[in-house]
Structure formats: C-alpha cells, structure tokens
Amino acid sequence: MRDSSVRQPTATADRSSLAGRDRLPSLTGLRFWAALIVVLYHLSRQVGEIPGLSEATWYGRSGVTFFFVLSGFVLAWTYDGQRVPAKVFLWRRFARIWPLLVVTSAASVAVWIAIGKEVTIKAVVATLLMVHAWFPDAEIQKGANPAAWSLSDEAWFYLIFPLLMLLPLLKSGRGRFWVAVTMTVALVGVWFASALIETGATRVWLLDYFPPTRMLQFVLGVAAGLAIKRGWRSPVGLPAAIGLVVLWHLALVPWRDAVPESLWYSPYSASQLLSAPIFALLVCAAAQADLRGSRTGLGGAWAVRLGHWSFAWYLVHEIVIRALLAHYGRPESLAGTAGFWLAAIVLSLALAGMAYQWVEHPLERLLRKAGPQARKPAEPGVGGPTPATSGSLTQG
Numbered sequence: 000m001r002d003s004s005v006r007q008p009t010a011t012a013d014r015s016s017l018a019g020r021d022r023l024p025s026l027t028g029l030r031f032w033a034a035l036i037v038v039l040y041h042l043s044r045q046v047g048e049i050p051g052l053s054e055a056t057w058y059g060r061s062g063v064t065f066f067f068v069l070s071g072f073v074l075a076w077t078y079d080g081q082r083v084p085a086k087v088f089l090w091r092r093f094a095r096i097w098p099l100l101v102v103t104s105a106a107s108v109a110v111w112i113a114i115g116k117e118v119t120i121k122a123v124v125a126t127l128l129m130v131h132a133w134f135p136d137a138e139i140q141k142g143a144n145p146a147a148w149s150l151s152d153e154a155w156f157y158l159i160f161p162l163l164m165l166l167p168l169l170k171s172g173r174g175r176f177w178v179a180v181t182m183t184v185a186l187v188g189v190w191f192a193s194a195l196i197e198t199g200a201t202r203v204w205l206l207d208y209f210p211p212t213r214m215l216q217f218v219l220g221v222a223a224g225l226a227i228k229r230g231w232r233s234p235v236g237l238p239a240a241i242g243l244v245v246l247w248h249l250a251l252v253p254w255r256d257a258v259p260e261s262l263w264y265s266p267y268s269a270s271q272l273l274s275a276p277i278f279a280l281l282v283c284a285a286a287q288a289d290l291r292g293s294r295t296g297l298g299g300a301w302a303v304r305l306g307h308w309s310f311a312w313y314l315v316h317e318i319v320i321r322a323l324l325a326h327y328g329r330p331e332s333l334a335g336t337a338g339f340w341l342a343a344i345v346l347s348l349a350l351a352g353m354a355y356q357w358v359e360h361p362l363e364r365l366l367r368k369a370g371p372q373a374r375k376p377a378e379p380g381v382g383g384p385t386p387a388t389s390g391s392l393t394q395g
C-alpha cells in the first residue's frame, strides 16, 4: 500500500534526499482519505455499523486499490527521466516500508499473544520477507499483521517497476493509452473470469491478494503518471472525478442489498477490481489541479501532514481495533458503537503520528544514507552527461 509522497525531480537535486516532497500536495492529502475509508470499513465490519456511514463505506477496502494506482502514478512521475540504478531504487523502497512493517508486525503479534491467539513463525517470517500475499493461506496472509498483506503486493510492484519503465509502449502517448485500456479491460476480464473459480478461499486470494492480479492496478497508475508527467491532461476535472468516486461507492449500496458477497458478481470483488480506472481519473485530476496551482482543499498543511501519517495509520488501526475489542467487547448500542469508533480513530491516528515522527521517517533517512547511492549528474562542461547505468531506471 505504501507509495512515496510526490516530488518532481530536478537535474541538480540530490536523488537520495528526502527534501522536496509534496510537489503535488493534493495527492498526499488524498492518501489520508483513502486510509480513512479503509479504517471505516474495518470499524463497520468488526465493531458494528453506524447507519448511513457504514453503508457508504461497507466496501471501503477499495482504498487499497486507490493506493496501488497511486503508487504506480507516483513512482512513474518521480523516476521518469532519471538515471537511477535498480539497486538504488529498490533500496529506497525497502527503506521506505520495511522499518514500519517490522515495528507494527511486532506490535500486532504482541496483541495476538495477549488475547490468546497463536501466531506461527511461518506467518511472521513470510510477513517480514513481504511474500505473504503469494500464499493462498489466510494464516500466512494475515498471521502477523493483517493489514500488511498489501506490502507484499507493493514489494512485487517495486521489483517489476524497473522493467516496466523500459517498455517501448510506455514511451509514446499512443502506447500509454493502449496500456491503460488493456489494464482496464484485463481487470474487467479477471472479474468475469472469477465466475469459473469455485466460491471459497482460493477465489478470494486470487482476486484480493494475489500480486499479479493487483499488478494491473499498479501498471494503470504507471501509465497515468507517465502521461501526466509528459503533458497529457485528462478532460475530467477534480470535482467531477471526486463525484465519480462517490457515486461509484453509493451505487454499491443497493448492489450489496441485491447480491450476496459470496457470489462472483458481488460488489465486494467489483469494488476492488473495477474501481481502479475511476481512481486513476481522480489521481490525474488532483495532479493536474496542483500543476495549475489551483487550490483543491487537499494540499493544506494539515491535509499533507495527515497524508504523511496514512501509511502508519493503515498499519496500526486494525491492531488498535483488535486490542479495544478484546478489552471492552463489541458494543451493543448505537451510542456505544459511535463512541468505540471515535476512540479507535483518535487513538490509532495519534499512534500513527508518533510512528511517522519517531519510527518511519527517521529510520527511512538512516537506511537511505546507509545504502547504495545514485551518482549525481555531472556538472555542465565537466565530463558531460552521466551515462545510463545497466539496469537503471531511465526513460528515453
């Protein structure tokens, strides 16, 4: 689920520096809202429903789809045109997500043990190696930290990203258009093809967790990021894109009432697979607004701060919900449910802020400095341009 905050590289910038992020601040602000609908999704299903709000966010797990699309967009935007060795890129991604994964997984396992649930060593090792989404075993996928499954998908995305940036199709506007169309058609095709898979854990794994399935959303984001970086502008503005996202989730409410979630054509799987093109339009529209210098309401100081906390919030919120449920039990009244929701949101968000400030951000800086570095471009007249390194992320 983790992507870098957006920054537009310059020819003279130190490529290993963390300064200069949030050149497209509305995208950072959107991260908070995507994390919020995931939190409300878990609260609705694990704690209890709040009328209206729960219906609208019953399929808020689609927020993960948003993060996968955003991840592709941000990486393409950030690394397009840069000559960065693949080992440097992969180390930066490792530094970005692994420290917080370790800390939150340790906290999650501690809570599991405290409430009397056994956690296998296999599940912990698979989580720390970020390979747990490759296994069709729920105990391995969710054993250490249930929310961390998406990092296994992200790790796969990072591994294939250097190769994606070398694809000739992505180097032309026509090619990027057809890549986006192909990814969209493929997502619809996967959804229809799931009718051939027997209902049960295998289908859930293939549609929800399996990295090659989720990769379609990431590649769509990559195509969108390159298109915007190279001058393409979507005809869909930010208000219209937000409206499409809201209408899509509201349309899932009557769909939910008509179709059981166990069926392949339920809104549960559709909300995660078919929402990717809508989210791509939203990301493009927000980026365009920032490029124009428009005020979006998503790029203010607090919006950006909350966006920075979103990764940590995503990883800690379910742990907090689980701990509170174990201590207090599931509330029986609407007032009790609302109070539980409020306590879980405030506590988990506060912990996320502390985790970002004291764990995620400083350890990322430390690891980035300790790992391989990209060579700085040669100054004009001193040796000419830096040649592309074998295996580097470079776009012609």
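Per numbering that gives the first Met the number 0, the sequence shown starts with residue 0, numbered consecutively.
Backbone N, C-alpha and C fix where the C-beta goes; we use that ideal spot for every residue, glycine too.
Please read these numbers as outputs of a predicted model, since none were measured by experiment.
query, result
"What does the Cβ neighbour count give for H316, buried or exposed, with the cut at 16 atoms within 10 Å?", "buried"
"Would V282 pass as a contact of A239 if the rule is Cβ separation under 8 angstroms?", "no"
"Given a threshold of 16 other Cβ atoms within 10 Å of its Cβ, counted over all protein chains shown, does D256 qualify as buried or as exposed?", "exposed"
"Quick one: which unbroken alpha helix (DSSP H) runs of 4-plus residues sit fully inside the segment 90-141? Chain order, please.", "120-127, 137-141"
"Does G292 pass the burial test, meaning 16 or more other C-beta atoms within 10 Å, or should it be called exposed?", "exposed"
"Quick test of the definition: if touching needs 3 or more C-beta pairs under 8 angstroms, does the segment 322-341 touch the segment 160-179?", "no"
"Any chance you could list the alpha helix (DSSP H) runs of at least 4 consecutive residues sitting entirely within the segment 289-339, in chain order?", "300-327"
"Kindly list the residues whose CB is nearer than 7 angstroms to the CB of R91, restricted to its own chain and excluding five residues on each side of it in sequence; keep chain order.", "R367"
"Between the alpha carbons of A192 and L100, how many angstroms are there, rounded?", "33 angstroms"
"Assuming A34 and W312 are in contact, meaning their beta carbons sit under 8 angstroms apart, how far apart are those beta carbons, in whole angstroms?", "5 angstroms"
"DSSP three-state label for P24, please.", "helix"
"So, with DSSP's three-state summary, where would you put V258?", "coil"
"In this structure, does DSSP put V235 in helix, strand or coil?", "coil"
"Answer yes or no: does any C-beta atom of chain D fall closer than 8 angstroms to that of L350?", "Looking for chain D here will not work: only one protein chain is present."
"Give the range of the alpha helix (DSSP H) segment to which S193 is assigned.", "No alpha helix (DSSP H) holds S193; DSSP gives it neither H nor E."
"Under the three-state reduction of DSSP, which class applies to K375: helix, strand or coil?", "coil"
"Which residue from W76, L42, T103, K86 puts its Cα closest to that of Q372?", "K86"
"Between the segment 269-280 and the segment 58-69, are three or more C-beta pairs nearer than 8 angstroms?", "yes"
"For L89, which residues from the same chain have a beta carbon less than 7 angstroms from its beta carbon, with the 5 sequence-adjacent residues on both sides left out?", "Y157"
"Helix, strand or coil: which one does DSSP assign to P50?", "coil"
"Out of F72, L243, R95, L128, which one is the CA nearest neighbour of M164?", "F72"
"So L215 is in the alpha helix (DSSP H); what residue range does that whole segment cover?", "210-228"
"Exposed or buried, what is L333 when buried is set at 16 or more other beta-carbons lying within 10 Å of its beta-carbon?", "exposed"
"Can you list, in chain order, the residues of its chain with a C-beta nearer than 6 angstroms to that of W254? Leave out the 5 residues immediately preceding and following it.", "P266"
"Can you tell me the Cα-Cα spacing of V68 and K121, whole angstroms?", "30 angstroms"
"Taking M214 as the reference, give the member of L323, T201, T183 with the closest Cα.", "T183"
"Considering only their Cβ atoms, is the gap separating I320 from W76 smaller than 8 angstroms?", "no"
"In whole angstroms, give me the CA-to-CA distance for Y58 and L246.", "13 angstroms"
"Mind checking G199: buried by the 16 CB within 10 Å criterion, or exposed?", "exposed"
"If you follow the alpha helix (DSSP H) that P161 is part of, which residue opens it and which one closes it?", "148-163"
"Give the secondary structure of S171 by DSSP, where H, G and I count as helix, E and B as strand, and everything else as coil.", "coil"
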